[in-house]
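Take a look at the structure set out below.
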Amino acid sequence: MESICEEDLLGFQGKHFRFLNLNSLYLYSMTPYGFDWKRCGNPFRNMSMETLDLSSNGFNVDKAKLFFNAIQGTKIHHLILEHSTMGKSFGFANVKDPDRQTFEGLKNSGVKILDLSKCFIFTLQYAVFSPLREVQDITIAQNKINQIDRGAFFGLENLQKLNLSHNLIGEIYSYTFDNLPNILELDLSYNHIGALGYHAFTGLPNLQVLDLTGNSIRELGTYGYLAPLPNIQLLRLADNKITSLEGLSDFANSTIILNVQNNRLSNLEDIYTVLAKLMRIEHLWYGNNLIHWCTLNNNISVPAVNSLKLLELRNIALQMIWAQGKCMNVFENLGKLLSLDLSFNSLLALPDGIFKGLISLEEMDLQFNSLTYLQPDIFPESLKTVDLSYNFLVSPDPAAFHSLSWINLYTNRFHCDCFLVDFLTWLNGTNVTFPDPGVNEFSCEFPSDLHGISLLNYSSVILCKKDDERLVQELRLSLFIGCTALIILITVGTIVFARLRGFLFKVYKKVTSRILEGPRKDPPAGGPRYDAYICFSNNDYKWVETALLNRLDSQLAEQNVLRCCFEVRDFIPGEDHLSNIRDAIWGSRKTVCIVSKEFLKDGWCLEAFTLAQSRMLEELRDVLIMVVVGKVPHYRLMKHKAIRTFAQKREYLQWPEDPQDIKWFYEKLMSKILKDRKVKKNTAKDNNGDITLVNMTEVGT
């Protein structure tokens with residue numbers, strides 16, 4: 105149809121339509137120019153309708169305005185304008201967005217529901233819907249809305265539902281939702297919201313449902329505290345980038361249902377915080393957050409009085425947390441909990457007593473874990489339904505299932521031997537319901553010669569030799585005790601060594617020095633002026649003085665035996681710096697380079713390292729000692745040719761991170777300084793053309 109006028113629908117006057125579908129008529133001739141709107145009249149004169157669908161009719165702003173003026177006064181409860189061309193979209197300036205005049209013709213139509221989804225609206229202008237004073241539900245989803253002018257919702261005091269999902273909204277300000285005192289539901293899902301301004305969501309005292317799913321929110325209150333929502337009941341924050349729930353209790357303290365799935369939360373403390381501060385919370389959806397730790401600050405705990413009935417914790421890496429023995433009391437006071445989802449958590453076992461506080465729990469989801477066994481008393485007495493599909497239960501203990509009325513054991517790997525007898529007996533006599541395909545699909549996974557045999561068939565032919573099994577059990581017990589004792593000895597020995605290795609090394613050195621080596625000898629007289637030239641960046645001086653010079657240099661402490669040379673004290677003022685470095689290297693028995701991040705930035709330090717390496721190649725003696733200090737990445741060392749050659753072919757020292765190893769480090773460093781080693785030169789070269797030094801031979805001390 106090219107148009108629809110009053111004379112076209114004369115036969116329907118005086119009628120009330122429950123649904124009038126004028127979708128996709130296009131109405132090409134009804135344009136703002138060249139069409140006689142006055143002669144056309146009101147096509148819906150003396151009619152009323154429950155729902156009017158004008159979707160896909162090419163209504164731009166001007167055409168819609170004229171059409172609404174033509175039908176003014178017609179009673180329409182629900183108006184659908186999906187897929188219209190209304191709006192300038194993103195990047196267009198020659199097309200209009202609707203304004204307060206666009207819907208003026210509908211002011212007496214009593215529209216209660218307006219659907220403008222899948223259009224091209226970019227800006228919600230001031231008072232754009234003000235003529236629709238009776239409207240209660242507006243949907244503007246899947247448009248291109250990026251801007252909401254101040255006062256855009258002026259005149260909508262009766263609005264209860266507003267759907268702005270799947271748009272391009274990026275920020276929420278304090279004035280964004282002014283003039284909506286009675287709104288109950290606000291859908292902002294799947295926008296680009298990343299910033300929530302100071303006192304965002306102001307003016308929504310009766311809001312009960314807020315959906316912010318699928319945005320880019322990182323913090324609740326990016327630029328200050330959010331305005332409190334005193335009557336909020338359902339809050340959806342799933343699929344954002346939230347890293348912390350700080351401020352949630354001030355913003356949505358009355359929340360009953362909270363969804364924070366698929367965010368970037370990493371501390372299981374959030375569960376404790378939510379339950380401690382949101383006293384009305386009944387449903388908590390927390391899944392698909394990769395939990396790294398459980399650190400409870402301020403001694404926070406789950407309150408004894410709470411209302412939680414559903415807790416969803418799927419795919420949050422609980423195995424890693426429980427394996428560390430942390431947050432073992434997370435379910436302690438959840439006496440009203442009815443449903444618990446722990447699927448996709450890679451659980452190897454369920455910790456003893458983990459569910460002891462769940463006295464009302466009725467259903468639990470444990471599918472897609474790695475459970476191999478279940479303790480007989482692991483589940484609470486109230487549990488009726490459990491999903492254990494896609495685990496690794498080889499010989500389930502039926503005592504764990506005594507309270508159940510429904511269970512899913514699909515795709516478990518049963519080991520068919522005499523240990524499975526109790527389970528097979530229970531399986532044949534139980535009244536517990538199994539979901540399709542039921543027990544007929546249960547089959548042996550192990551051993552290999554029984555692979556694929558139905559458990560029902562296996563249970564009818566199984567013959568167990570009780571005496572042999574008893575002997576095997578006794579042997580296993582003996583092996584278990586012996587292996588356990590051996591493991592304990594090894595573990596205790598390892599722990600003692602790890603904890604006391606510094607003390608043990610001191611005792612070892614005292615014994616060897618008294619019995620084998622005798623008192624430490626001073627460096628031989630004569631020869632070079634210094635025992636060691638300590639080369640380091642001036643920015644590291646304080647650390648080097650404290651950690652090395654005070655322990656090595658004889659001028660700084662009487663018990664030290666080495667004559668050390670370092671720039672601050674021993675370089676000749678006014679002398680060429682390179683000459684000072686060369687004299688220090690050739691005037692010392694060894695050159696000790698303290699390689700740190702500052703060392704790698706210092707050109708003089710790198711030059712000194714190169715000169716010391718040149719001396720080593722010239723004299724074929726081990727005169728260069730490299731000590732790496734701090735967390736210097738390996739690739740940083742490899743950037744410098746001289747250091748790369750040394751690090752790839754020679755041994756170097758690393759400053760220990762554990763204080764227990766410092767004594768050993770000093771002994772190792774003293775040994776390398778005092779001992780003289782010769783180096784055999786291999787004429788082969790590596791890919792970089794560097795000479796390779798091998799076959800180090802000790803010749804004396």
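When we follow this note's numbering, the leftmost residue of the sequence shown carries the number 105, and every step to the right adds one.
We treat Cβ as the ideally placed atom computed from N, Cα and C, and that holds for glycine.
Reference residue i; option with closest CA among the options
{"i": "N164", "options": "G138, D491, P202 and W510", "result": "P202"}
{"i": "S278", "options": "L268, N286, N295 and D253", "result": "D253"}
{"i": "S464", "options": "L451, G457 and S443", "result": "S443"}
{"i": "Q471", "options": "Y477, L513 and V434", "result": "L513"}
{"i": "F448", "options": "H506, G439 and N393", "result": "N393"}
{"i": "T489", "options": "V498, M468 and V731", "result": "M468"}
{"i": "R418", "options": "D491, D657 and I385", "result": "D491"}
{"i": "I638", "options": "V672, N664, Q663 and G162", "result": "V672"}
{"i": "G439", "options": "L414, M432 and Q428", "result": "L414"}
{"i": "E106", "options": "Y132, G118, K119 and F116", "result": "Y132"}
{"i": "S547", "options": "V696, I591 and V498", "result": "V498"}
{"i": "P407", "options": "V313, L290 and L382", "result": "L382"}
{"i": "L452", "options": "C431, F496, R122 and N262", "result": "F496"}
{"i": "F355", "options": "G318, P309, Q365 and W397", "result": "P309"}
{"i": "Y130", "options": "H120, H187 and E111", "result": "H187"}
{"i": "R719", "options": "K694, C709 and E386", "result": "K694"}
{"i": "S343", "options": "L300, L352, N295 and Y376", "result": "The question names Ser, but residue 343 in the sequence shown is Asp. Nearest of L300, L352, N295 and Y376 to D343, Cα basis: N295."}
{"i": "S353", "options": "G734, L290, R384 and S507", "result": "R384"}
{"i": "D291", "options": "N283, Y302, I273 and D140", "result": "I273"}
{"i": "L478", "options": "P500, E466, L316 and E771", "result": "P500"}
For residue j and residue i, the rounded distance between their alpha carbons
{"i": "D794", "j": "L715", "result": "At D794, the pLDDT of 47 sits below 50, so the modelled position is not reliable and the matter cannot be decided from this model."}
{"i": "I361", "j": "G461", "result": "22 Å"}
{"i": "W389", "j": "I346", "result": "14 Å"}
{"i": "Q229", "j": "F459", "result": "55 Å"}
{"i": "G707", "j": "Y634", "result": "24 Å"}
{"i": "I766", "j": "A661", "result": "18 Å"}
{"i": "H738", "j": "F640", "result": "19 Å"}
{"i": "P332", "j": "G138", "result": "53 Å"}
{"i": "L158", "j": "L288", "result": "27 Å"}
{"i": "T155", "j": "N335", "result": "31 Å"}
{"i": "Y494", "j": "W759", "result": "48 Å"}
{"i": "L379", "j": "M134", "result": "59 Å"}
{"i": "K646", "j": "Q251", "result": "57 Å"}
{"i": "L724", "j": "I594", "result": "44 Å"}
{"i": "I599", "j": "F584", "result": "22 Å"}
{"i": "L284", "j": "P480", "result": "56 Å"}
{"i": "G142", "j": "A174", "result": "Per the sequence shown, the amino acid found at residue 142 is Lys instead of Gly. Rounded to whole angstroms, K142 to A174 spans 8 Å at the Cα level."}
{"i": "L236", "j": "H182", "result": "12 Å"}
{"i": "Y376", "j": "H387", "result": "14 Å"}
{"i": "D571", "j": "G556", "result": "Residue placement at D571 cannot be trusted, given a pLDDT of 49 that sits under 50; the coordinates are not used to answer."}
{"i": "H519", "j": "D526", "result": "13 Å"}
Where the alpha helix (DSSP H) containing residue i begins and where it ends
{"i": "T529", "result": "V525 to G533"}
{"i": "W141", "result": "W141 to C144"}
{"i": "M468", "result": "Unbroken run through M468 is the beta strand (DSSP E), E467 to D469; no alpha helix (DSSP H)."}
{"i": "K753", "result": "K745 to K753"}
{"i": "K216", "result": "K216 -> no alpha helix (DSSP H), and no H or E assigned at all."}
Start and end residues, beta strand (DSSP E) containing residue i
{"i": "N512", "result": "W510 to N512"}
{"i": "T714", "result": "Counting along the chain, T714 falls outside any beta strand (DSSP E), though it belongs to the alpha helix (DSSP H) covering G707 to E723."}
{"i": "V731", "result": "L728 to V732"}
{"i": "I361", "result": "I361 to N363"}
{"i": "L492", "result": "That residue, L492, is in no beta strand (DSSP E); it is neither H nor E in DSSP."}
{"i": "M432", "result": "Element bounds for M432: n/a, residue is neither H nor E."}
{"i": "S692", "result": "S692 to V699"}
{"i": "E549", "result": "C548 to F550"}
{"i": "H387", "result": "H387 to W389"}
{"i": "V536", "result": "Run containing V536: none; DSSP gives neither H nor E here."}
DSSP three-state assignment for residue i, whether helix, strand or coil
{"i": "I795", "result": "With a pLDDT of 41 at I795, under the threshold of 50, the modelled position of that residue is not reliable, and the figure given next carries that caveat. Correct three-state label for I795: strand."}
{"i": "Y634", "result": "strand"}
{"i": "M424", "result": "helix"}
{"i": "L338", "result": "strand"}
{"i": "I404", "result": "coil"}
{"i": "M105", "result": "coil"}
{"i": "F121", "result": "strand"}
{"i": "A82", "result": "The structure shown has nothing for residue 82, since the chain only spans 105 to 805."}
{"i": "I249", "result": "coil"}
{"i": "K772", "result": "helix"}
{"i": "F601", "result": "helix"}
> What are the start and end residues of each continuous beta strand (DSSP E) run of 3 or more residues lying completely inside the region 220 to 245, in chain order?
Replying inline: The qualifying runs are 241 to 243.
>> What ranges does the alpha helix (DSSP H) occupy inside the region 139 to 204, keeping only unbroken runs of at least 4 residues that lie completely in it?
In response: 141 to 144 and 165 to 174
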